[in-house]
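>
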Amino acid sequence: MADDVIIRVEDVFAGYDGVPILEHISFEVRHGEVFGILGGSGGGKSTLMKNMIGLNPPISGHIYISGDDIVGADETMLERIQRRFGVMYQSGALFGSMTLLENVRLPLEVYTDLPDDAIDLIARMKLELVGLEAFTGHMPAELSGGMQKRAGIARAMALDPSILFLDEPSSGLDPITAASLDATIRRLSENLGVTFVIVTHDLGSVFVATDRVVLLDRRAKGIITEGDPRRLRDETTDPRVRAFFRREAEPVGA
Amino acid sequence: MAALAITDTADGRRILALTGRLDAKTLPELWDKTRRAADEAAKRPVVIDAAGIEYCDGAGVALFVELLRHRHDGSVQVSNLKPAFSALLKQVDPAVLEHDLDPEPPRRPAIEEIGFEAYGLWRDIRTQIEFIGELVAALAFAVRYPKSVRWKDVWRICEQVGVDGLPIVALISVLLGLILAFQSAVPMKRFGAEIFVADLIGLSMLRELGPLMTAILLAGRSGAAFAAEIGTMRVNQEVDALTTMGLSPVRFLVTPRIIAAVLMTPLLTLFSMLIGMIGGALTMTTFSIPIVAFLKEVDAACNLSDFLAGFVKSFVFAILVAGIGCLRGLQTRAGASAVGDSATRAVVTGIILLVVVDGIFAVVYYLLNI
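Chains as they are written, first to last, in the numbering used here: chain G, 199 to 452; chain E, 4 to 373.
1) Out of Thr274/G, Gly284/G, Gly230/G, point me to the one whose CA is closest to Lys248/G's CA.
2) Establish whether the CB of Thr335/E and some CB of chain G are separated by less than 8 Å.
3) Is the CB of Met248/E under 8 Å away from at least one CB in chain G?
4) Under 8 Å between the Cβ atoms of Ala349/G and Leu292/G?
5) If you measure between the beta carbons of Glu446/G and Arg440/G, is that distance less than 8 Å?
6) So who's on the other strand from Ser378/G, going by DSSP bridges?
7) Go ahead and label Asn301/G buried or exposed: buried means 16 or more other beta carbons lie within 10 angstroms of its beta carbon, across all protein chains shown.
8) Going by C-alpha distance, which of Thr382/G, Phe211/G, Arg282/G is nearest Val329/G?
9) Any Cβ of chain G within less than 8 Å of the Cβ of Asp243/E?
10) Nearest by alpha-carbon distance to Ser368/G: which of His399/G, Leu357/G, Leu341/G is it?
11) Which residue wins for smallest C-alpha separation from Ile56/E, given the options Phe67/E, Val253/E, Ala40/E?
12) At a CB-CB cut-off below 7 Å, which residues of chain E make contact with Ala291/G?
13) Let me make sure I understand the geometry here. Which of Ile251/G, Arg303/G, Pro256/G, Asp267/G has the alpha-carbon closest to that of Gln280/G?
14) State the start and end residues of the unbroken alpha helix (DSSP H) segment that holds Phe194/E.
15) Measure the alpha-carbon distance for Phe211/G versus Val269/G and round it to whole angstroms.
16) Out of curiosity, what's the CA-to-CA distance linking Gln334/E and Pro190/E?
17) Considering only the alpha carbon of each residue, which of Pro293/E, Ala145/E, Glu241/E, Phe134/E lies closest to Met286/G?
18) What's the C-alpha gap between Met4/E and Gly61/E?
19) For Thr12/E, which residues does DSSP report across the bridge?
20) By the three-class DSSP mapping on this structure, what secondary structure does Pro218/G have?
21) Take Leu357/E and list the residues in its own chain whose beta-carbon comes closer than 8 Å to its own, dropping the five residues that flank it on each side.
22) How should Pro338/G be labelled, buried or exposed, when 16 other C-beta atoms within 10 angstroms of its C-beta is the threshold for buried?
23) Distance check for Glu331/G and Arg322/G, CA to CA, integer angstroms please.
24) What's the gap between the Cα of Arg110/E and the Cα of Asn254/G?
25) Under 8 Å Cβ to Cβ from Glu307/G, same chain only, skipping five residues before and after it: list those, please.
26) Taking 8 Å as the cut-off, decide whether the C-beta atoms of Ser317/E and Gly332/E are in contact.
27) Does any residue of chain E have a CB that is nearer than 8 Å to the CB of Val285/G?
The structure is reproduced here in structure tokens:
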């Protein structure tokens with residue numbers, strides 16, 4: 199694996215019950231970049247992400263995270279690989295019975311021997327990074343969707359992972375909240391050098407937040423293009439790619 | 004109103020002239036008639052003259068698509084359709100709709116169906132065995148490292164299972180004692196043996212009804228609550244979040260619930276035994292048996308082994324009910340009804356297993372002469 203490659207997906211077949219939705223998926227994510235996995239609804243983006251974070255194994259293929267293959271890893275190895283990244287789920291997936299601070303504290307309590315006041319401070323710092331320092335005592339249900347997602351990012355960052363996976367970070371958010379979330383992602387990437395893998399179909403976020411993307415296509419069952427999203431939008435000749443990036447309706451019968 | 008006029012021209016074409024409004028109201032009358040007219044001219048060109056159509060909505064467009072979709076060699080044509088309606092028709096590609104692109108899979112042969120069901124059953128059993136193994140490991144870990152247990156959660160669940168469960172356990176137990184005493188006292192009075200009702204109430208509450216009724220109530224309240232709570236966490240991806248944090252859902256979610264249930268169920272069982280006997284004693288006062296006489300008779304009829312026989316069961320019942328509730332919660336799938344299904348399965352499986360295990364206890368106690 200080249201030095202600057204942090205994730206390598208190699209000839210992955212992704213799907214359920216042995217039926218592939220995606221075939222021959224291969225790409226690389228470099229250190230410190232914000233990488234987007236794009237595609238229409240039902241295109242297999244989330245399925246691929248679940249494969250990448252070790253929740254479901256792919257039908258076949260390999261996924262290397264910092265050099266270690268997550269596919270077929272035993273429990274100990276899987277746990278070790280999973281510690282290298284954080285995940286923010288579409289709904290935020292905060293634990294409903296805990297306050298925001300307790301949610302962010304949790305990974306620190308479990309995986310470190312830090313004293314209680316240090317854990318508290320780190321958790322508050324993470325919440326401050328996402329602009330939620332004034333909501334530490336709130337329960338998740340008392341917050342808006344955007345705040346829950348930001349808190350999800352704070353929790354995912356608790357152990358300072360080198361990679362953050364974000365599943366549809368801007369879905370269901372108003373444009374201003376979505377823009378602030380995009381700005382948070384850029385800031386964290388530039389200031390902390392975190393590598394982001396973002397699964398999304400929100401073009402607004404794609405052009406602002408990501409450095410490089412792959413575009414998945416349901417009919418092609420695979421990647422139809424890869425690169426800088428702004429260049430792809432302006433220079434592509436592939437009608438499927440153009441339709442996606444320029445928000446054009448698919449021609450009837452295509 | 005809508006109408007169809009059929010004309011066969013000298014050059015072999017069939018013209019279907021549609022007039023009026025084409026919508027869901029007028030279409031039933033025209034649908035079969037128009038299709039039949041087009042089918043009769045199967046080998047000839049068909050022209051659908053839409054000049055007379057005043058209005059056409061999605062249902063009307065469906066009629067055109069129906070006529071076009073099986074003959075896309077150009078032998079069926081729609082002409083003179085107003086541009087507004089034509090735009091509606093252009094949104095759909097009749098060729099795509101010619102066949103069902105996602106047909107239901109063909110039914111499997113019976114033998115395959117049996118095989119799949121058997122495999123599903125085996126998978127379910129394997130999941131349960133794996134869960135038991137994981138649970139034992141998690142409990143052993145909790146005993147070895149008590150600090151790893153989230154005690155805050157344990158006390159919260161203790162309150163839900165124990166304190167909040169007191170009123171319903173009290174109500175059911177007192178009613179059980181009252182009813183049992185009354186039903187048995189009436190026939191026993193004929194033989195002047197009312198006092199022996201105390202023996203019956205004492206033995207049945209201590210050995211059988213106290214632990215069993217408490218466990219059944221626990222299955223209905225807490226087993227279902229555990230399944231629903233963990234099921235909702237599963238649907239909200241909270242369980243996925245735990246897994247990718249490298250935290251075992253069994254250790255994190257199931258262990259505190261099992262500990263809380265094991266701590267609270269025996270206490271609730273004791274409470275149920277006591278309240279049930281009070282209920283029985285109250286009933287017997289109406290049969291001129293004083294409370295003191297009732298209690299003395301219970302004391303004479305029951306010994307410590309009777310109490311322990313029931314009390315030991317309550318620990319096993321607690322693990323069973325809480326374990327099943329948590330397992331069903333973790334097995335929750337996606338969808339709106341999934342959490343409800345898990346709660347139902349938790350209660351049903353819990354009660355069935357309680358009765359089965361209670362039967363096993365009865366046999367073991369009999370063999371051990373307890």
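Note that the Cβ used here is the ideal one computed from N, Cα and C, for glycine as well.
None of the values given here were measured: they were computed from a predicted structure.
Straight from the coordinates:
1) Taking Lys248/G as reference, the option from Thr274/G, Gly284/G, Gly230/G with the minimal CA-CA separation is Gly284/G.
2) For Thr335/E, no CB of chain G lies under 8 Å from its own CB, so it is not counted at the interface with that chain.
3) Yes, its Cβ sits closer than 8 Å to a Cβ of chain G.
4) Cβ distance < 8 Å, so Ala349/G and Leu292/G count as in contact.
5) In contact: Glu446/G and Arg440/G (Cβ atoms closer than 8 Å).
6) Ser378/G pairs with nothing; no bridge assigned.
7) The residue is buried, with at least 16 neighbouring Cβ atoms inside 10 Å.
8) Here residue 329/G is Gly; the residue named in the question, Val, does not match the sequence. Here the closest residue by C-alpha is Thr382/G.
9) When Cβ-Cβ separations below 8 Å define contact, Asp243/E makes contact with chain G.
10) Out of His399/G, Leu357/G, Leu341/G, His399/G has the C-alpha closest to the C-alpha of Ser368/G.
11) Ile56/E has its Cα closest to that of Phe67/E, out of Phe67/E, Val253/E, Ala40/E.
12) Taking a Cβ-Cβ cut-off of 7 Å, the neighbours of Ala291/G in chain E comprise Asn239, Gln240, Glu241, Asp243, Ala244, given in sequence order.
13) Scanning Ile251/G, Arg303/G, Pro256/G, Asp267/G for the CA closest to the CA of Gln280/G turns up Ile251/G.
14) Element bounds for Phe194/E: n/a, residue is neither H nor E.
15) If you take the alpha carbons of Phe211/G and Val269/G, they lie about 12 Å apart.
16) Looking at the backbone, the Cα of Gln334/E and that of Pro190/E are separated by about 49 Å.
17) When each option's Cα is compared against that of Met286/G, the closest is Glu241/E.
18) Whole-angstrom Cα-Cα distance: 16 Å.
19) In the DSSP output, where bridge partners are listed per residue, Thr12/E has none listed.
20) Three-state DSSP puts Pro218/G in a strand.
21) Closer than 8 Å at Cβ, skipping near neighbours: Leu215, Ala218, Ile219, Ala222, Phe320, Leu323, Val324.
22) It is buried - the Cβ of Pro338/G has at least 16 other Cβ atoms within 10 Å.
23) Straight-line Cα distance between these residues: approximately 6 Å.
24) Roughly 28 Å between the two C-alpha positions.
25) Cβ neighbours of Glu307/G within its own chain (closer than 8 Å, five residues either side excluded): Ile317.
26) No, the Cβ-Cβ distance between Ser317/E and Gly332/E is not below 8 Å.
27) Chain E, which has a Cβ nearer than 8 Å to the Cβ of Val285/G, makes this yes.
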